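Under the working numbering, the first residue of the first sequence is numbered 1, with each subsequent residue one higher. Don't be surprised by glycine CBs; every beta carbon is placed ideally from N, CA and C. Please read all numbers here as calculations on a predicted model, not as lab measurements. Inspection log for the structure reproduced underneath, given as structure tokens.
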Amino acid sequence: MPALPPPYISRKRLPFRELVGALLAHYGLQGWWPLREHAGTNPTATGRFTGYHPGDYRYPHTASQRFEIACGAILTQNTAWVNVERALENLASVGLLEARSLFSAQDPMLESAIRPSGYFRAKTRKLRLFAEFYLCLGDRVPTRDDLLMVWGIGPETADSIRLYAYAQLEMVVDAYTRRVLVREGYCEEPLDYDRVKRFCEAHVERTVPAYQEFHALMVEHGKRLARKPTSLSKNAR
DNA sequence: AACCAGGACGTGA
DNA sequence: TCACGTCATGGT
Numbered sequence: 001m002p003a004l005p006p007p008y009i010s011r012k013r014l015p016f017r018e019l020v021g022a023l024l025a026h027y028g029l030q031g032w033w034p035l036r037e038h039a040g041t042n043p044t045a046t047g048r049f050t051g052y053h054p055g056d057y058r059y060p061h062t063a064s065q066r067f068e069i070a071c072g073a074i075l076t077q078n079t080a081w082v083n084v085e086r087a088l089e090n091l092a093s094v095g096l097l098e099a100r101s102l103f104s105a106q107d108p109m110l111e112s113a114i115r116p117s118g119y120f121r122a123k124t125r126k127l128r129l130f131a132e133f134y135l136c137l138g139d140r141v142p143t144r145d146d147l148l149m150v151w152g153i154g155p156e157t158a159d160s161i162r163l164y165a166y167a168q169l170e171m172v173v174d175a176y177t178r179r180v181l182v183r184e185g186y187c188e189e190p191l192d193y194d195r196v197k198r199f200c201e202a203h204v205e206r207t208v209p210a211y212q213e214f215h216a217l218m219v220e221h222g223k224r225l226a227r228k229p230t231s232l233s234k235n236a237r
């Protein structure tokens, strides 16, 4: 056990599980991960973020969807999703949203396709290295440690790929999750990734759909908290 | 016109 | 270990 002060102070709050229930009631089922083929359907409460499939947890249906999800997870690193959508569209339109062609593509081709999502040189390298890893994988499901061995894939990206591309029971913690936990008074900074992950695991039903909905709700709610405290966050005590 | 967005890596202390 | 700089585009 790390010799650190306990980061999670129990205040007079809803039990965390009940906050999650309140968020679900408020925002509804999310149905992550967004896919291009669903673009334009199921707009969420925040508006223009589309591509979800609420209520259907059998994704990915195909290897193509799996690869698209993983690429999106890499491209969205510190980047607004709307920019990632453009990059994914560009990749698909030139036939590069597929492991073999992406791996074989020339740098300038990849770079120009993903430029809208930023960090285009670093992400070109990351996508290519992931494509290589993905091809070597065959039909096997990568462990978290497998993914962390790949340059460009850190804890959150690895967990996102595990939970959404491979439908494995893996809790995803992102900036929005941390923001919600802090702003709603369930923990204090500094928020170490693995400790937040364990906190969430302790409070969420241990099923893949529950993990997916939980993470998606954290993002949806976190986006609101970015602007100003919402009525929900004020009422939720 | 700053500031931020669904991080990860390299570096020096 | 850990704090900090770097990577880059597009929206608000």
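Check: residue i C-beta below 7 Å from any heavy atom of the ligand ZN
i	result
Leu129	Ligands are entirely absent from the displayed structure, and the ligand ZN is therefore not among its contents.
Rounded separation between residue i and residue j - CA only
i	j	result
Pro54	Leu24	12 Å
Val20	Leu88	31 Å
Pro60	Gly31	12 Å
Gly51	Glu189	33 Å
Trp33	Leu14	28 Å
Thr76	Val84	6 Å
Asn90	Glu201	36 Å
Ala210	Leu135	29 Å
Phe130	Ala70	9 Å
Phe49	Val82	Here the model assigns Phe49 a pLDDT of 47, short of 50, so the residue's position is not dependable, and the following value carries that caveat. About 7 Å.
Val94	Glu18	46 Å
Arg86	Leu191	32 Å
Pro155	Ala22	28 Å
Leu102	Ala80	22 Å
Thr62	Leu29	23 Å
Tyr27	Ala92	31 Å
Arg162	Gln212	11 Å
Pick from the options that is closest to residue i, judged by C-alpha positions
i	options	result
Val208	Ile114, His38, Ser160, Leu14	Ser160
Arg183	Tyr193, Arg162, Ala226	Ala226
Tyr176	Ala216, Glu205, Tyr164	Ala216
Val172	Thr62, Ala80, Phe214, Ala92	Phe214
Arg128	Gln106, Tyr27, Arg115	Gln106
Same chain, Cβ closer than 6 Å to residue i, five either side skipped, listed in chain order
i	result
Gly47	Only weak support exists for where Gly47 lies, its pLDDT of 45 falling under 50; the coordinates are left without a value.
Tyr186	Phe16
Val180	Met218, His221, Gly222
Ser104	none
Tyr166	Val141
Leu169	Val208
Tyr57	Pro209
Tyr164	Trp33, Ile69
Lys126	Ile74, Gly152
Pro116	Asn83, Arg86, Ala87
Assigned exposure category for residue i - 16 Cβ within 10 Å defines buried
i	result
Gly138	exposed
Glu68	buried
Asp174	buried
Arg178	buried
Thr124	buried
Contact set for residue i: own chain, Cβ-Cβ below 7 Å, skip 5 residues either direction
i	result
Gln65	Leu35, Tyr59
Thr157	Ala73, Ile74, Gln77
Glu205	none
Glu132	Phe103
His203	Phe16, Arg17
Cβ shell of residue i (< 8 Å), same chain only, five flanking positions each side left out
i	result
His38	Thr50, Gly51, Tyr52, His53
>> Quick test of the definition: if touching needs 3 or more C-beta pairs under 8 Å, does the stretch 139–151 touch the stretch 101–114?
In response: With contact defined as three or more Cβ pairs closer than 8 Å, the stretch 139–151 and the stretch 101–114 are not in contact.
> With contact counted as at least three CB pairs below 8 Å, one residue from each stretch, are the stretch 81–100 and the stretch 194–210 in contact?
Replying inline: No: the two stretches stay apart, fewer than three of their Cβ pairs being nearer than 8 Å.
>> For the structure I just gave you, are there three or more beta carbon pairs, one from the stretch 115–122 and one from the stretch 130–144, closer than 8 Å?
In response: Under the Cβ criterion (8 Å, minimum of three pairs), the stretch 115–122 does not count as touching the stretch 130–144.
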